[in-house]
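In what follows, a single structure is set out as structure tokens and then discussed.
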Amino acid sequence: MSDTQWQIFEVFHQQVRGEPHVYVGSVHAPDPEAALILAKEQYGRRQASVSLWVVPEDAITATSYEDVDMFDHGTDKSYRESFGYETTKRIKSIVADRTESRGEA
Amino acid sequence: MSTGTTFSAAGDIQGEERSALIDLLYRLGDDDLMIGHRNSEWTGLAPILEADIAFSSMAQDEIGRALSYYRMLHALGEPDPDTIAFTRAAAAYRCASLASLDRSDWAFSTVRQYFYDVATTRRLALMADSSYTPLSQFVRKVGGEQKYHMMHSRMWVVRLGKGTDESRLLMQQAVEKAYPHALGMFEATEWDAVIAGSGIGPCEADVEASWVEEVAEHLSASGLAVPTNVEPTYGGRCGRHPEELGCLLEEMQKVYKLEPSAPW
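Here you go:
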């Protein structure tokens, strides 16, 4: 069977306001408005959604899997990662304290 | 004009208002059951996967609404929903012919659904303040779902109406075929004045007037001609149905009738 001549739109949905839109899949549609309408039933009918985005597939510029080695970490650079910082521990302990004191109140 | 009385539950409504409410609920439930069944026939067959999923999912919405109306009827002393849905003879159903006609081609099913969605949207809006509380609560519950149905069918009409010469022609033929049956949705029953007078729901002429206006506007915007001087196809509201309903019922009731006491 020949493929539809409609464009492919990539679909992103957001479960809660303020949270990031997460990629869920794609739909075929003649235009963005129709893509939103079709995506709603495709991806919104079984999971909670507050917002959908559709993006024409050809609007996305992607890296090539041939270049996957560019993501390699050749040497130990864990000092650049945030969990190494004392600040992270301090924030965690403040949050824990607040949660605790709220529990007592 | 409404008398201002509110009926908060099945036990609060008696006499002719009760009979009028029962008449209305059978019409609403039967319309949804039949069009839901017809649309479900597209499952696996719609022109593209996305349309298939959307149409099938909305068919389930319609059947879900039928169940809600049948539950309201059951609370009013009518048989249980399965008995109402699956055991009546054709003449006991109160659906408009629009809802029971064969699914035909995609253009017809699309136009039929659009006509039905406009009527449903208008009807629900006019029942939002129904004096029968279970009905006004139901309207609030399905408002969002119906908003989506409306967006979906408006989208299809304009895309196909303004698509290719072939799609426009098929849509125009579908409009001509469905229009008299669509007007048949507004066939007033003997209870029309009581329904409006008690504030349970709108009189059919009001729903029709607002339907005609909206449909004319959207068909024109979609490059389609609006039929004029159309003779409505009446009969559904008093049990006179097209032959197609008989075939639909035969299929729909077949499994249930094998073993009516089977729990599902």
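Chains as they are written, first to last, in the numbering used here: chain X, 56 to 160; chain Z, 40 to 303. Glycine residues also receive a C-beta, built at the ideal position from the N, C-alpha and C atoms. Bear in mind that the values here come from a model prediction, so they are computed numbers and not experimental data.
Against chain X, does HIS191/Z count as a neighbour if the rule is that its beta carbon must be under 7 Å from one of theirs?
As a working note, residue 191/Z is residue 152 in the second sequence. Interface residue, yes.
Unbroken alpha helix (DSSP H) run spanning VAL289/Z, endpoints:
Here residue 289/Z is taken as the residue at index 250 of the second sequence, counted from 1. Looking at the sequence itself, residue 289/Z is Glu, so the reference to Val does not match. Taken as a continuous stretch (DSSP letters only), the alpha helix (DSSP H) holding GLU289/Z covers 282-297.
List, from N- to C-terminal side, the beta strand (DSSP E) runs of 3 residues or more that fit wholly inside the segment 107-131 of chain Z.
none
Is there a Cβ from chain Z that is less than 7 Å from the Cβ of GLU96/X?
As a first step, residue 96/X is located in the first sequence; it is residue number 41 there, counting from the start. Chain Z, which has a Cβ nearer than 7 Å to the Cβ of GLU96/X, makes this yes.
ILE78/X bridges to which residues according to DSSP?
Here residue 78/X refers to the residue found at position 23 when the first sequence is read from its first residue. The sequence shown places Tyr at residue 78/X, rather than the Ile named in the question. According to DSSP, TYR78/X bridges with PHE67/X.
Quick check: what's the CA-CA separation for LEU174/Z versus PHE125/Z?
Position 135 of the second sequence holds residue 174/Z. Position 86 of the second sequence holds residue 125/Z. Using only the alpha carbons, I get a separation of about 23 Å.
Between GLN211/Z, GLY285/Z, SER47/Z and ASP71/Z, which has its C-alpha nearest ALA158/Z's C-alpha?
If you number the second sequence from 1, residue 158/Z lands on position 119. Taking only the C-alpha atoms, the option nearest ALA158/Z is ASP71/Z.
Taking 7 Å as the CB-CB limit, is ALA260/Z close to chain X?
Here the question's residue 260/Z lines up with position 221 in the second sequence. With 7 Å as the cut-off, ALA260/Z does not count as an interface residue toward chain X.
Is there a C-beta anywhere in chain Z that falls below 7 Å from the one on ILE92/X?
Within the first sequence, the letter at position 37 stands for residue 92/X. It does; some Cβ of chain Z falls within 7 Å.
Just verifying my parser: in three-state terms, what is the DSSP assignment at HIS257/Z?
Counting from one through the second sequence, the residue named residue 257/Z turns up at place 218. Correct three-state label for HIS257/Z: helix.
Return the first residue and the last residue of the beta strand (DSSP E) that SER106/X is part of.
Working through the first sequence from its first residue, we reach residue 106/X at position 51. From DSSP, the beta strand (DSSP E) with SER106/X extends over 106-111.
6 Å CB neighbourhood of HIS68/X in its chain, flanking five on each side removed:
Taking the first sequence and counting its residues from 1, one reaches residue 68/X at position 13. The answer, listed in chain order, is VAL79, TYR98, SER104 and LEU107.
Quick one: is GLY223/Z buried, meaning 16 or more other Cβ sit within 10 Å of its Cβ, or exposed?
Within the second sequence, residue 223/Z is the residue found at index 184, counting from 1. Around the C-beta of GLY223/Z, 16 or more other C-beta atoms lie within 10 Å, and the residue is accordingly described as buried.
Inter-stretch contact at 8 Å, needing at least 3 Cβ pairs: the segment 229-245 of chain Z / the segment 287-294 of chain Z:
no
Positions along the segment 79-96 of chain Z whose CB lies within less than 8 Å of some CB in chain X
ILE87, LEU88, GLU89, ALA90, ILE92, ALA93 and SER96
Report all residues from its chain with a CB closer than 7 Å to the CB of PRO281/Z; omit the five preceding and five following residues, and keep chain order.
Counted from its first residue, the second sequence places residue 281/Z at position 242. For PRO281/Z, where only same-chain residues beyond five positions count, the Cβ hits under 7 Å are SER136, SER139 and LEU140.
So is PHE225/Z buried or exposed if we call it buried at 16+ other beta carbons inside 10 Å?
Numbered from 1 along the second sequence, position 186 holds the residue referred to as residue 225/Z. It counts as buried.
Roughly how far, in whole angstroms, is the beta-carbon of GLU89/Z from the beta-carbon of VAL82/X, given that I think they are within contact range, below 8 Å?
For this step, residue 89/Z is matched to residue 50 along the second sequence. For this step, residue 82/X is matched to residue 27 along the first sequence. About 5 Å; that satisfies the 8 Å criterion.
Under 7 Å (Cβ pairs) to chain X, residues found in the segment 197-216 of chain Z:
ARG198
On the CB-based measure, 16 or more other CB atoms within 10 Å of its CB, does PHE48/X come out buried or exposed?
Given that chain X is displayed from residue 56 to residue 160, the structure contains no residue 48/X and the question cannot be resolved.
Can you list, in chain order, the residues of its chain with a C-beta nearer than 8 Å to that of PRO75/X? Leave out the 5 residues immediately preceding and following it.
Your numbering for residue 75/X matches position 20 in the first sequence. Correct list, in chain order: GLN69.
Give me the Cβ distance between ALA94/X and VAL66/X, rounded to the nearest whole Å; I'm assuming they're in contact under 8 Å.
Here residue 94/X corresponds to residue number 39 of the first sequence, with the count starting at 1. Here residue 66/X corresponds to residue number 11 of the first sequence, with the count starting at 1. Indeed they touch by this definition, with Cβ atoms about 5 Å apart.
Please give the ranges of any alpha helix (DSSP H) in the segment 166-242 of chain Z, keeping only runs that are unbroken, at least 4 residues long and fully inside the region.
Runs of the alpha helix (DSSP H) inside the segment 166-242 of chain Z: 172-200, 204-222 and 231-236.
Straight-line Cα distance separating ALA49/Z from GLY202/Z:
For the purposes of this step, residue 202/Z is taken as the residue at position 163 of the second sequence. For the purposes of this step, residue 49/Z is taken as the residue at position 10 of the second sequence. Going from the Cα of GLY202/Z to the Cα of ALA49/Z covers about 49 Å.
At a CB-CB cut-off below 7 Å, which residues of chain Z make contact with ARG72/X?
For the purposes of this step, residue 72/X is taken as residue 17 along the first sequence, with counting starting at 1. The premise fails here: ARG72/X is roughly 16 Å from chain Z at the closest Cβ pair, so nothing lies under 7 Å.
Using a Cβ-Cβ cut-off of less than 7 Å, list which residues of the segment 218-239 of chain Z approach chain X; keep chain order.
none
In its own chain, which residues sit with a C-beta less than 7 Å from the C-beta of ILE149/X, not counting the 5 before and 5 after it?
Position 94 of the first sequence, counted from the start, is the residue given in the question as residue 149/X. Here the set comprises nothing.
For the segment 141-153 of chain Z, list every residue whose C-beta sits within 9 Å of some C-beta in chain X, in sequence order.
Legend: CB atoms of the segment 141-153 of chain Z lying less than 9 Å from CB atoms of chain X are not found in any residue.
Excluding the 5 residues flanking TYR218/Z on each side, which residues of the same chain have their C-beta closer than 7 Å to its C-beta?
For the purposes of this step, residue 218/Z is identified with residue 179 of the second sequence, where counting begins at 1. Closer than 7 Å at the Cβ level, and outside the excluded window around TYR218/Z, lie PRO266 and VAL269.
Assign GLY75/Z to buried or exposed, taking buried as 16 or more other Cβ atoms, counted over all protein chains shown, within 10 Å of its Cβ.
As a working note, residue 75/Z is residue 36 in the second sequence. Classified as buried, GLY75/Z has 16 or more neighbouring CB atoms from the shown chains inside 10 Å of its CB.
If we ignore side chains and look at the alpha-carbon of each, how far apart do GLY83/Z and THR172/Z end up?
Mapped onto the second sequence, residue 83/Z falls at position 44. Mapped onto the second sequence, residue 172/Z falls at position 133. C-alpha separation (whole angstroms): 39 Å.
The segment 153-174 of chain Z: which residues have C-beta closer than 9 Å to a C-beta of chain X, in chain order?
none
Let me see if you follow: with CB-CB separation under 7 Å, is VAL82/X close to chain Z or not?
Position 27 of the first sequence, counting from 1, holds the residue named residue 82/X. By this cut-off, VAL82/X is an interface position.
Three-state class that DSSP yields for GLN99/Z in the structure shown:
Here residue 99/Z is taken as the residue at index 60 of the second sequence, counted from 1. In this structure, GLN99/Z counts as helix in the three-state DSSP scheme.
Contact between the segment 237-256 of chain Z and the segment 98-117 of chain Z: three or more CB pairs below 8 Å?
no
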